[in-house]
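Protein chains in written order, with our numbering: chain A, -2 to 151; chain B, -2 to 151.
Glycine residues also receive a C-beta, built at the ideal position from the N, C-alpha and C atoms.
No experiment lies behind these values; they were computed from the predicted model shown.
The structure appears right after this line, and notes come after that.
Structure representation (structure tokens):
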């Protein structure tokens, strides 16, 4: 398991990474199976060891907005399990047969409480990631706003 | 100074709040003065003691997208100074004469390193806040997407 390549675990020491590895379990997944749907209680964090997981918004049956594709060493899935209200903010579907590492919130929370230094690094990494996503999404809103302004002006 | 009402400092103990108060200084501000512009190096975090600060995106001269209005006991301004790349992600302008509390990153960073428990709470609060903002902004993108789908369908 190569946790250190996931943005959440960047900057952790070897021993801190071993604490995380110690609570992770391996899970085989099948192509087209759903990991979770937006709004469901967020109980687990997943990293992709093999295969790929698609993050998306289900707008209505048959209509989806793709958000991101997570592959091995390319982030993680379900980071909403780290912050209240502990609800997944996107839906996640496996796009290939593969293997995930699963970290249960019930195991991660006490680890963070026991090791606040680890927790501080992990939460700083999460905040940085969320700020990047927020800036990207605001950029999208701004582009649409500008095209509206242009069409209203000309 | 009532720091505990700011989302960033929620859940801190009295002694942790006193550490934060110990590095905060008071600053009078004038109506219409800019605190910072988007993209500038984020060196300070501000809470509003008196008055109001508007957060906005400057699209082009004379065109702005309002994002939020921060008043006393209603959040803080400049939380980007807590995460890399330490650049303000919005612009901030005072809309009334008032008083701000200023916390310099140069003072906050060592405090967090010295007190990882405090840092972990603060970063968890920041991550939760950013996830809320991200969900709201995605909701906005989704609404625009749906109206596009509707206009394409009917």
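Taking Cβ-Cβ distances below 8 Å as the criterion, which residues of the segment 115 to 142 of chain A are in contact with chain B?
So the close ones are 116, 117, 120, 121, 123, 124, 125, 127, 128, 130, 131, 132, 134, 135, 137, 138, 139, 141 and 142.
CB contact check: residue 54/B to chain D, cutoff 8 Å
As a matter of chain content, chain D is missing from the structure shown, whose protein chains are A and B.
Excluding the 5 residues preceding and the 5 following residue 66/B in the sequence, name in chain order all residues of the same chain whose CB lies nearer than 7 Å to its CB.
Taken in chain order, the residues that qualify are 49 and 51.
Could you round the C-beta distance between residue 116/B and residue 117/A to whole angstroms and report it? I think they count as a contact, below 8 Å.
Going by Cβ atoms, the distance from residue 116/B to residue 117/A rounds to 4 Å, so yes, they are a contact pair.
Alpha carbon to alpha carbon, how far is residue 113/B from residue 145/B?
In a straight line, the C-alpha of residue 113/B is about 47 Å away from that of residue 145/B.
Using a Cβ-Cβ cut-off of 8 Å, state whether residue 42/B counts as contacting chain A.
Not one chain A Cβ lies under 8 Å of residue 42/B.
The alpha helix (DSSP H) enclosing residue 16/B, as first and last residue numbers
Run containing residue 16/B: 11 to 20, per the alpha helix (DSSP H) assignment.
Cα-Cα separation, residue 5/A to residue 140/A
Cα atoms of residue 5/A and residue 140/A: separation of roughly 29 Å, rounded to the nearest angstrom.
Take every Cβ of the segment 118 to 125 of chain B, pair it with every Cβ of the segment 77 to 90 of chain A, and state whether three or more of those distances are shorter than 8 Å.
Segments in contact, yes.
Below 8 Å on the Cβ atoms is my guess for residue 99/A versus residue 21/A; work out the distance and round it to an integer in Å.
With 8 Å as the limit, residue 99/A and residue 21/A qualify as a contact, their Cβ atoms being about 7 Å apart.
Compare the C-beta of residue 81/B with all C-beta atoms of chain A and state if any pair is closer than 8 Å.
So, interface residue.
Check whether residue 88/B and residue 35/B have beta carbons under 8 Å apart
Taking 8 Å as the cut-off, the beta carbon of residue 88/B is found closer than this to the beta carbon of residue 35/B.
Expected contact under 8 Å - CB spacing of residue 53/B and residue 63/B to nearest Å:
The beta carbons of residue 53/B and residue 63/B sit about 5 Å from each other, so the pair counts as a contact at 8 Å.
What are the complete alpha helix (DSSP H) segments, minimum 4 residues, inside the segment 55 to 129 of chain B?
You should have 102 to 111.
Is residue 133/A helix, strand or coil by DSSP?
In this structure, residue 133/A counts as helix in the three-state DSSP scheme.
State the start and end residues of the unbroken beta strand (DSSP E) segment that holds residue 41/A.
Residue 41/A -> beta strand (DSSP E) spans 41 to 47.
Look up residue 29/A in the DSSP assignment and say whether it is helix, strand or coil.
Three-state result, residue 29/A: coil.
Is any beta-carbon of chain B found at less than 8 Å from that of residue 77/A?
Chain B, which has a Cβ nearer than 8 Å to the Cβ of residue 77/A, makes this yes.
Can you pull out the residues from the segment 57 to 71 of chain A whose beta carbon lies closer than 9 Å to at least one beta carbon of chain B?
Per Cβ criterion, the list reads 57, 60, 62 and 64.
List the residues of chain A whose Cβ lies closer than 9 Å to the Cβ of residue 86/B, in chain order.
Per Cβ cutoff of 9 Å: 128, 131, 132 and 135.
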